[in-house]
Amino acid sequence: MPNNSIQVKGLQKSYKKLHVLKGVDFEVEKGSIFALLGSNGAGKTTIVKILTTLLKPDSGTATVNGFDVASKPESVRQSISLTGQFAAVDEILTGRENLIMIAKLRHLKNPRQVADDLLNRFGLTDAAGRGVSTYSGGMRRRLDIAMSLVGKPQLIFLDEPTTGLDPEARIEVWKTVKELAANGTTVFLTTQYLEEAEQLADRIAILHEGRIIANGTLADLKKLFPPAKVEYIEKQPSLEEIFLAIVGKKEEK
Amino acid sequence: METIKNYFFMDMGVMLGRSMRHIFRSMDTIITVTITPIAMMLLFVYVFGGAIQTGTDNYVNYLLPGILLIAIASGIAYTAYRLFMDMQRGIFERFHSMPIARSTALWGHVLTSLLSNAISVVVIILVAFIMGFRSSAGVLSWLAVAGILALFTLALTWIAAIAGLSAKSVDGAGAFSYPLIFLPFISSAFVPTASMPSVVRAFAENQPVTSIVEAIRALLSSQPVGNDIWVALAWCVGIMLVAYIFAMRAYKKRV
Ligand SMILES: Nc1ncnc2c1ncn2[C@@H]1O[C@H](COP(=O)(O)OP(=O)(O)OP(=O)(O)O)[C@@H](O)[C@H]1O
Ligand SMILES: [Mg+2]
């Protein structure tokens, strides 16, 4: 337990008739980067919402930093931070005002200083005084992530942090995530990009049809790839091929 | 949580500051909630006023209460709009996943509605003064007027909250306020109800705006307020409670 930031057991969730999560189990080790991989509508955001106390599970348990999300949501919120799938920034405020607002809500001593440091770190100092509605998608996402870092939470959720970003902005976000983990922050991220999971994650879990169908390090997952085929392939199988192979196997059953 | 309770008002202050900035940075809001009612007041006083028989010699005095209610009704449409936008975008989810009392996000909007409407009411009253509005009311009467207007704002704000929380589109969030803006026209706000056909008159005399307008008018001209003030208060409090219950239900559904 003390070494796990997140512990999920038998998690189920339906939206009316739609059974999205059919018993999800996984663990996330403290200080690691965990990537949850799944295609559109797999239920990644649903899991993030449950873990960040925005949504109640139908059954099963989820523990975040030792606190149960259903019975101790306030305690869970003390140590987490969420960067949702869609940028959660205030469009009308400036970049600096957005950060100051969050710093104030986190009751930090010196909100301006905190904001300036983050603006600097995310290369937003020049745009700090401009309304966020004038920001590009990449700048907005950077501000969004910066807002999640205010107050240095132990565990950060990033729901598809690079969707819609150009390659350059994507690499910037990757760099940020790696820095976070290097400083001991646990990162839970979801993605549709296999390359992203390959690049960043210590552990990768694949969510498919309501269950985790594979979970392990990149090396573990590569072992799942049918060995007979490996012999005929010159390059290492990419995660994409592994993913398709696993998904394909499930569907044959 | 102890700490969350201690910070409740501070956090709400941050939320208030945020949405007040939204208002001051949007010309559209300022024009609609302050300049439009003022333009309407100018129009009624200097264009239609000569033809309207109210039995008073100062039509601005007669008109002002109704204009204030229209200003508030159009002001709360923006409350619904701001709430809707917050629900749409991820910002509420961010607030709700932070260690703050969740309700501050909603109450911040309510407080903003009260404060911004109070500002536009004061501006409109100042303009009315320039146009010849005079009042013999003492401090207590003014306080009573402020109280009624605040209750009216709160009642409409909670209606706006229902719309903002449950609307499916931006237009839907704002559309509910049109009938509210219209209500003063079918009341004694602009012309005495005695001049209306019987069916319209029956509606006009029994809808909330008339009693509110009459109560404010009586307070401002130091006339006895009679029953109107109690009827007005009963409407405001009644609407507020019912709207609050439904708004909270809509809110619980969303979070
Ligand atoms: N509030 C809701 N009401 C009804 N159905 C919903 C709701 N939220 C999500 N769903 C459905 O649940 C399924 C899983 O949604 P979810 O957003 O968790 O997927 P996702 O993996 O995050 O997808 P994406 O990659 O597109 O973001 C989808 O089929 C979606 O349509
Ligand atoms: Mg999603």
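So the protein sequences, as listed, match chains U and Y. Note that the working numbering gives residue 239 to position 239 of the first sequence, counting from 1, and the numbers run on in steps of one. Note that the working numbering gives residue 1141 to position 141 of the second sequence, counting from 1, and the numbers run on in steps of one. Cβ atoms here follow ideal geometry from the backbone N, Cα and C, with glycine treated the same way.
field: Residue interval of the alpha helix (DSSP H) (run including Y/Q1088)
entry: Y1059 to Q1088
field: chain U residues whose Cβ lies nearer than 8 Å to that of Y/V1014
entry: M101, K104 and L105
field: Reduced DSSP secondary structure (H/G/I, E/B, other) of U/R144
entry: The question names Arg, but residue 144 of chain U in the sequence shown is Asp. In the three-state scheme derived from DSSP, where H, G and I count as helix and E and B as strand, U/D144 is classed as helix.
message: Is the beta carbon of Y/C1236 closer than 8 Å to that of Y/L1114?
response: no
field: Alpha carbon of Y/W1158 to alpha carbon of Y/A1243, nearest angstrom
entry: 5 Å
query: Going along the chain, which residues of its own chain have a beta-carbon closer than 8 Å to the beta-carbon of U/N215, five neighbours each way excluded?
result: F26, R203, I204, A205 and I206
- prompt: Checking contacts by CB at 8 Å: is Y/G1108 closer than that to chain U?
  reply: no
query: Under 9 Å Cβ-Cβ, which residues of chain Y neighbour U/I171?
result: Residues of chain Y passing the Cβ test: none, with the nearest at roughly 24 Å.
task: Give the range of the beta strand (DSSP E) segment to which U/L37 is assigned.
output: I33 to L37
- request: Classify U/E27 as helix, strand or coil using the three-state DSSP reduction.
  value: strand
- request: Report all residues from its chain with a CB closer than 7 Å to the CB of Y/I1181; omit the five preceding and five following residues, and keep chain order.
  value: I1070, A1073 and S1074
Beta carbon of U/G23 nearer than 8 Å to that of U/Q12: Yes, Cβ-Cβ distance for U/G23 and U/Q12 is below 8 Å.
query: For the beta strand (DSSP E) that contains U/R211, what are its first and last residues?
result: R211 to G216
- prompt: By Cβ distance below 6 Å, which residues in the same chain neighbour U/A181 in space, the five residues on each side in sequence not counted?
  reply: So the list reads I33 and V187, once near-sequence residues are dropped.
8 Å Cβ cutoff met for U/L239 and U/L194: Yes. Within cutoff.
query: Would the stretch 102 to 111 of chain U and the stretch 132 to 143 of chain U be scored as touching if the rule is three or more Cβ pairs under 8 Å?
result: no
task: Can you give me the start and stop residues for the beta strand (DSSP E) that U/D117 sits inside?
output: Counting along the chain, no beta strand (DSSP E) covers U/D117; the unbroken alpha helix (DSSP H) around it starts and ends at P111 to R121.
task: Using a Cβ cut-off of 8 Å (strictly closer), state whether Y/Y1226 contacts chain U.
output: Reading off the sequence, residue 1226 of chain Y comes out as Gly, not Tyr. By the rule that beta-carbons nearer than 8 Å mark a contact, Y/G1226 does not touch chain U.
message: For U/G31 and U/K152, I'd like the C-alpha separation in whole angstroms.
response: 13 Å
Contact set for Y/S1019: own chain, Cβ-Cβ below 7 Å, skip 5 residues either direction: R1082, G1108, H1109 and T1112
Sequence ranges, beta strand (DSSP E) only - wholly within the stretch 27 to 106 of chain U, length at least 3: Here the runs fully enclosed are 33 to 37, 59 to 64 and 80 to 83.
message: Does the structure place the stretch 1115 to 1124 of chain Y close enough to the stretch 1033 to 1042 of chain Y that three or more beta carbon pairs sit under 8 Å?
response: yes
query: Would DSSP call U/L124 helix, strand or coil?
result: In the structure shown, U/L124 sits in coil (DSSP, three-state: anything other than H, G, I, E or B).
- prompt: Helix, strand or coil for U/Q12 per DSSP?
  reply: Reduced to three states, the DSSP call for U/Q12 is strand.
- prompt: For U/D159, is the beta carbon positioned less than 7 Å from some heavy atom of ligand 4?
  reply: Looking for ligand 4 in the displayed structure turns up nothing; the ligands present are ligand 1 and ligand 2.
- request: Run down chain Y in chain order and give the residues with a C-beta less than 9 Å from the C-beta of U/F68.
  value: With the sequence shown as reference, residue 68 of chain U is identified as Asp, and Phe is not the correct amino acid for it. Correct list: empty, because the minimum Cβ distance to chain Y is about 15 Å.
Selection of the stretch 29 to 58 of chain U by Cβ proximity to chain Y, strictly under 7 Å: T52, T53 and L54
task: Starting from U/F188, follow its DSSP beta bridges and name the residues at the other end.
output: U/F34 and U/F157
- prompt: Beta carbon of U/T53, beta carbon of U/F157: below 8 Å?
  reply: no
field: Residue nearest to U/G210 in terms of C-alpha spacing, selected from U/T185, U/E196, U/V247 and U/G184
entry: U/V247
query: Buried or exposed: which applies to U/T217, given that a residue is buried once 16 or more other Cβ atoms fall within 10 Å of its Cβ?
result: exposed
- prompt: CA-CA distance, Y/L1233 and Y/I1212?
  reply: 8 Å
message: Going by DSSP in three states, U/K22 sits in which element: helix, strand or coil?
response: strand
task: Report whether the distance from the Cβ of U/A42 to the nearest heavy atom of ligand 1 is below 7 Å.
output: Result yes, Cβ under 7 Å from ligand 1.
- prompt: Would you report the Cα separation of U/N40 and U/Q192, rounded to the nearest angstrom?
  reply: Rounded to whole angstroms, U/N40 to U/Q192 spans 8 Å at the Cα level.
- request: List the whole-angstrom C-beta distance separating Y/P1210 from Y/S1188, where the pair is believed to meet the contact cut-off of C-beta under 8 Å.
  value: First, the amino acid is wrong: residue 1210 of chain Y is Thr here, not Pro. The pair is a contact, with the Cβ atoms about 5 Å apart (cut-off 8 Å).
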